Amino acid sequence: MATILDGKALSKDLKIALADKVRESGLSPKLAVVFDPKNDGSRLYVGMKQRAAAKVGIATEDIAVADDVTTEAVLKIVADLNADPSVTGILVQAPLPEAVNDQQVFSAIAPEKDVDGLGAFNQGMLFGDQPGEYAVAATPQGVMTMLKHYDIDPYGKKAVVVGRSQLFGRPMAALLNNANATVTLAHRYTPREMLLDSLKDADIVVVGVGIANFITGDQIKDGAVLVDVGMNVVDGKATGDIEFASAEKKASFITPVPGGVGPMTIATLLENTFAAALNQEKNQ
Numbered sequence: 060m061a062t063i064l065d066g067k068a069l070s071k072d073l074k075i076a077l078a079d080k081v082r083e084s085g086l087s088p089k090l091a092v093v094f095d096p097k098n099d100g101s102r103l104y105v106g107m108k109q110r111a112a113a114k115v116g117i118a119t120e121d122i123a124v125a126d127d128v129t130t131e132a133v134l135k136i137v138a139d140l141n142a143d144p145s146v147t148g149i150l151v152q153a154p155l156p157e158a159v160n161d162q163q164v165f166s167a168i169a170p171e172k173d174v175d176g177l178g179a180f181n182q183g184m185l186f187g188d189q190p191g192e193y194a195v196a197a198t199p200q201g202v203m204t205m206l207k208h209y210d211i212d213p214y215g216k217k218a219v220v221v222g223r224s225q226l227f228g229r230p231m232a233a234l235l236n237n238a239n240a241t242v243t244l245a246h247r248y249t250p251r252e253m254l255l256d257s258l259k260d261a262d263i264v265v266v267g268v269g270i271a272n273f274i275t276g277d278q279i280k281d282g283a284v285l286v287d288v289g290m291n292v293v294d295g296k297a298t299g300d301i302e303f304a305s306a307e308k309k310a311s312f313i314t315p316v317p318g319g320v321g322p323m324t325i326a327t328l329l330e331n332t333f334a335a336a337l338n339q340e341k342n343q
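60 is the number of the first residue of the sequence shown in our numbering; add one for each residue after it.
Below, the structure is given as structure tokens:
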């Protein structure tokens, strides 16, 4: 049976350590979150981040946008937050209403305040494997922190990332590549036989396509490390993209849903927010 990658327990330890760092720094980090209140997932996630931030000493400002908001209006909100010295981190919680170009908004965030690392500058730094202080998207960075905690080294391993979003798949593939894994980036439109062929000898599989039980235990290599970024609801229960019961029997390590990647995403976002505040203080 696989060892459980317990993101809930690890994130708790990270947040305890972060609270000490925030208190000792004497800084007052503040995270501004722009979101669509009509999106149930966004509203839930923003509430979770708000409560977690308060516990570690990070203030939050939640900015809800209207149904008919335009890209130009959101860009004005971001410009005002960029100019506000009291705001040390900005997060745009996607998806925003349909008329808004999310990618354009991400890249309008000042790089030093882009705590989810989704702007073109910070993603360029990541894809270029550049040295320096810049934020990486919280979900894939949280996955890397979890792998390190459990002494899982991607070096020389074959990794398959299923999902190509700007928030998860693309930066996840870049991080694994930068850690010297050989990476295949697939997605929900990859021909099924091609995907299965990639999975059968993958040492590390990270999946986030939003399709319940998209990958099953019979499709993976014995001893693979499985990281499930999916969050679906089936019969009223949270379910990942990996069929847990069958996969647990073959994997060496596996994340549960819930309690795996989700808590790590929030903890990493808060760490990024504090790091941004430190860097801004240092560069003043």
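Where is the CB? At the ideal position from N, CA and C, for every residue including glycine. Please read all numbers here as calculations on a predicted model, not as lab measurements.
Quiz item: Alpha carbon to alpha carbon, what distance is there between Ala113 and Val265?
Solution: 30 Å
Exercise. Between the Cα of Thr198 and those of Gly228, Ile313 and Asp212, spot the shortest distance and give me the residue it belongs to.
Key: Gly228
Quiz item: Since Glu120 sits in a beta bridge, which residues does DSSP pair it with?
Solution: Partner(s): Ala91.
Quiz item: From what residue to what residue does the beta strand (DSSP E) around Leu150 run?
Solution: Gly148 to Val151 is the span of the beta strand (DSSP E), which, as asked, contains Leu150.
Quiz item: What residues match up with Lys217 in a beta bridge as DSSP calls it?
Solution: Thr241
Quiz prompt | Cβ-based burial, Asn181 [other Cβ within 10 Å; buried from 16] | solution = Classification for Asn181: buried.
Practice problem: Tell me whether Val292 is buried or exposed, calling it buried when 16 or more other Cβ atoms sit within 10 Å of its Cβ. | Solution: Looking at its Cβ environment, which holds fewer than 16 other Cβ atoms inside 10 Å, Val292 is exposed.
Quiz item: Could you give the distance in angstroms between the alpha-carbon of Asn338 and the alpha-carbon of Ser101?
Solution: For Asn338 and Ser101, the distance between alpha carbons rounds to 28 Å.
Quiz item: Mind pulling the beta strand (DSSP E) runs of 3 or more residues that sit fully within the stretch 257-283?
Solution: 263-266
Self-check item: Beta-carbon gap between Val81 and Val115 smaller than 9 Å
Solution: yes
Practice problem: Spatial neighbours of Pro28 within its chain, please: CB distance less than 7 Å, with the 5 preceding and 5 following residues excluded, ordered by chain position. | Solution: Given that the chain is displayed from residue 60 to residue 343, the structure contains no residue 28 and the question cannot be resolved.
Exercise. State the start and end residues of the unbroken beta strand (DSSP E) segment that holds Ala297.
Key: Lys296 to Thr298
Quiz item: Alpha carbon to alpha carbon, how far is Ala167 from Ile136?
Solution: 10 Å
Quiz item: If you drop the 5 nearest sequence neighbours on each side, which residues of the same chain put their C-beta closer than 8 Å to that of Leu155?
Solution: Val93, Phe94, Asp95, Val124, Val128, Val133, Asp161 and Val164
Quiz item: Which class does Thr204 belong to by DSSP, given the choice of helix, strand or coil?
Solution: Helix.
Exercise. Rounded to whole angstroms, what's the CA-CA distance from Ser311 to Tyr209? Just pull it up for me.
Key: 11 Å
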